[in-house]
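A.B. asks:
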Ligand code: FES
Ligand code: FES
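Residue numbers (full-length UniProt numbering): 34 to 168.
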């Protein structure tokens, strides 16, 4: 209990009730997958997005094999990007995530994982959709 009190309540909520845990179907052309790792600690995050034909993100899921801050960061990230265009989602900075969750400096790299995973998922879906258009 003492340890938990050190965390901002947003962290606790995203930690205890992470949103959007799960997977989307990688085979769908409108689904992008970002798989990233943190060299500092070896934690891994997979974040997936589903976009509509206009490039708006209509769904997002994640699986994070890592620390509580990384799980909270990915949970928050999936909430933030839903409903956004890929352009806007790609502009989300890890510092914004860290601020919202009140992450201490030593946990900044955990939020970096979320920023990297969003960018990687966007890149993946853009590539898949681009390839399909050329068919
Ligand atoms: Fe243990 Fe990230 S590897 S907290
Ligand atoms: Fe590495 Fe959190 S300690 S992602």
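Backbone N, C-alpha and C define an ideal beta-carbon position, used for all residues, glycine too.
Under a Cβ-count criterion, where at least 16 other Cβ atoms within 10 Å of its own Cβ denotes burial, should residue 149 be classed as buried or exposed?
C.D. replies: The residue in question, residue 149, is buried, as its Cβ has 16 or more Cβ neighbours within 10 Å.
A.B. asks: For residue 162, does the three-state DSSP call read helix, strand or coil?
C.D. replies: Three-state result, residue 162: helix.
A.B. asks: Could you tell me the distance, in whole angstroms, from the CA atom of residue 164 to the CA atom of residue 78?
C.D. replies: Near 25 Å, if we compare the C-alpha coordinates of residue 78 and residue 164.
A.B. asks: Once you ignore the five residues that flank residue 99 on each side, which residues in its own chain have a CB closer than 8 Å to its CB?
C.D. replies: Taken in chain order, the residues that qualify are 71, 74, 76, 77, 78, 143 and 146.
A.B. asks: Around the Cβ of residue 120, are there at least 16 other Cβ atoms within 10 angstroms (buried) or fewer (exposed)?
C.D. replies: Per the 10 Å Cβ criterion, exposed.
A.B. asks: Would you report the Cα separation of residue 105 and residue 124, rounded to the nearest angstrom?
C.D. replies: Approximately 19 Å between the Cα atoms of the pair.
A.B. asks: Nearest by alpha-carbon distance to residue 69: which of 97, 138 and 49 is it?
C.D. replies: Minimum Cα distance to residue 69 is reached at 97.
A.B. asks: May I have the straight-line CA-CA distance separating residue 55 from residue 48, to the nearest angstrom?
C.D. replies: In a straight line, the C-alpha of residue 55 is about 15 Å away from that of residue 48.
A.B. asks: Where does residue 104 sit, in a helix, a strand or coil, going by DSSP?
C.D. replies: Three-state result, residue 104: helix.
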